[in-house]
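With the first letter of the sequence shown counted as 1, position 2 gets the number 2 in full-length UniProt numbering; the numbers rise by one all the way through. Worksheet: one structure, shown below.
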Amino acid sequence: MGRLGTILTVLSIGFITNCLIWDAVGLTETYRGDEAKKKLIGAAKVGDYLMADTVYKGDGYTGDELISRTLVDVIMASLINETVISLNESRYYRKRDVNECAKVLSYSGPVFGFDSYVMYSFNTTCSLRPDNEIIDLRPKKGSDSESKKDN
């Protein structure tokens, strides 16, 4: 029983330490870039479907013709989204930010009458930055602006 107790204690400490490290790094609250992109493209497909369905119903299309036109529109928009939605696949993005952008792509486009790639491009909610990215606005050493100050 002593050996089993020691093994369980070591495993428990390892598990707790692992959880503490991952929480401290913040990776439990993030999506990897490729996962975030899939989530956004999925949300965009929902928004594009709702948008196309509404527009084509308004134009009087019904039945199979409505379905085929809507699907073609969603496929075309999805091809554009693959290019427009550009996230670094090896970086991590905050889940909250990705989920908010996904909501915009799913629901705001149809409400305001825009395709998902327009909403992604121009809505500030979808200006996603990798988690813990530090933005330094100071000029870099050796840049033209610094050398002009020295002269």
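For every residue, glycine included, the Cβ atom is placed at its ideal position computed from N, Cα and C.
Judged by beta-carbon spacing, ILE41 lies within the 7 Å limit of ASN81, meaning their Cβ atoms are closer than that value. Taking ARG91 as reference, the option from LYS38, PRO130, LEU71 with the minimal CA-CA separation is PRO130.
In this chain, the beta strand (DSSP E) harbouring THR30 covers 30 to 32.
Residues of the same chain with a CB within less than 7 Å of the CB of LEU50, apart from the 5 flanking positions on each side, are PRO110 in chain order. Assignment of ARG3 by DSSP, reduced to helix, strand and coil, places it in the helix class. Taking the Cα of GLY47 as reference, the smallest distance to any Cα among ASN132, GLU35, TYR120 is reached at TYR120.
For ARG94, the secondary structure class from DSSP, reduced to helix, strand or coil, is strand. Per DSSP, reduced to three states, the secondary structure at THR54 is helical. In the three-state reduction of the DSSP assignment, SER127 falls in the coil class, being assigned neither a helical nor a strand state.
Under the rule that a run must span 3 or more residues, the beta strand (DSSP E) segments found entirely inside the segment 57 to 119 read 92 to 94. Around the beta carbon of ASP53, 16 or more other beta carbons lie within 10 angstroms, which makes this residue buried.
Only buried fits ASP115, as 16 or more other CB atoms lie within 10 angstroms of its CB.
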